[in-house]
Amino acid sequence: MVDLAVVGAVDGPLVVCFDRDSAVWTWDVQRDLWRQHPLAYAFADDPLAAQYPDAANELDAVAAAVHGGRVLPAAGGHEQGAALWDLESGALVRVARYDEPYVQALTLAEGEEAPRFGAGADPGVLVWELPAEEPPQELPECDDNGVWAVATMRINSRSLVVGVAATWACGIWRGTGSWPRSSPTTARLRWSGWPGSPITSSWWRRIPAGSTRTQARLTGRTA
């Protein structure tokens, strides 16, 4: 398996995952039942899809939500943008577009009225929600080299999205008002060394909205 997500379905926990051939599977944990789910081609409704009649989904990242009694997996990959499906029928809820960024990672924002997804992509962090007609929104002050991993959390009823990128270790964005309409970066952790090189020290840079930057230096050594 390449990636997975877990949702609380009506009948209990359900693992949504896919294999190296981009075939989507679910695992009913309580019953130990596996089931394959054919999904429509992510670009099926894009006019450019007619130029690629033999194309198929190429999935590298998945997140999933339960909404209106349906399990809705969102998935994308290094060669395609994010799409959203109805798992049971395999029909598209949100179509991927050829002009949208490719996806490195996906996550679901918990505790929202409608599913909201965050995607790590080539231009940075993208956020989109249902209804799915609106294009994804790019969060500010991202990394031009791409965001490799994303996660979400809630603090004091606020939605936060966390991303890991090439030139900094971790960035946090806070949603305000109608999230994902976001404020600028509120916190970021940077490494002093480039990924893959020995890290001898790091420093935490905290940037609260409306205040000056403060930083505390941390020192550590790699083995």
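Note that the sequence shown covers residues 1 to 223 in the numbering used here. Every residue, glycine too, gets a C-beta built ideally from N, C-alpha and C. Being a predicted model, the structure only gives us computed values, none of them experimental.
Whole-angstrom distance between residue j and residue i, CA atom to CA atom
i    : j    : result
S202 : T26  : Annotation note: pLDDT 31 at S202 (below 50); position unreliable, coordinate value reported separately. Taking the straight line from one Cα to the other gives about 40 Å.
A187 : L84  : Confidence is the limiting factor: at A187 the pLDDT is only 37, short of 50, which leaves the residue's position unreliable, though a coordinate-based value still follows. So the two alpha carbons sit approximately 30 Å from each other.
E79  : D60  : 9 Å
L130 : D86  : 13 Å
C17  : L126 : 22 Å
H37  : G12  : 18 Å
V6   : A64  : 7 Å
N57  : Y98  : 13 Å
R20  : D28  : 20 Å
G77  : E138 : 17 Å
P53  : S89  : 22 Å
Q51  : R31  : 43 Å
A91  : S22  : 16 Å
9 Å Cβ cutoff, residue i in contact with chain B
i   : result
D32 : Considering every chain present, this structure includes no chain B. It has just one protein chain.
Terminal residues of the beta strand (DSSP E) in which residue i lies
i    : result
M153 : 147 to 155
Q104 : 103 to 109
P73  : 70 to 77
F43  : No beta strand (DSSP E) contains F43, which DSSP labels as neither H nor E.
E113 : No beta strand (DSSP E) holds E113; DSSP gives it neither H nor E.
E129 : 124 to 129
A91  : Looking at the DSSP string, A91 is not in any beta strand (DSSP E), and its letter there is neither H nor E.
V66  : 61 to 67
Pair within 9 Å by beta-carbon distance, residue i and residue j
i    : j    : result
A74  : V66  : no
V71  : T107 : no
V24  : L14  : no
V93  : D45  : no
R154 : E113 : no
A49  : G81  : no
P224 : W128 : Past the edges of the chain, shown from 1 to 223, lies residue 224, and the structure says nothing about it.
R116 : S157 : no
G69  : V164 : no
Residue i (DSSP reduced to helix, strand or coil)
i    : result
Q30  : coil
L48  : helix
D3   : strand
F18  : strand
R97  : coil
A119 : strand
A56  : coil
P13  : strand
E139 : According to the sequence provided, residue 139 is Leu. The question's Glu does not apply to it. Coil, per DSSP.
A23  : coil
A83  : strand
* Counting Cβ pairs, one atom from each stretch, are 3 or more of them under 8 Å apart for the region 115 to 128 and the region 95 to 102? -> yes
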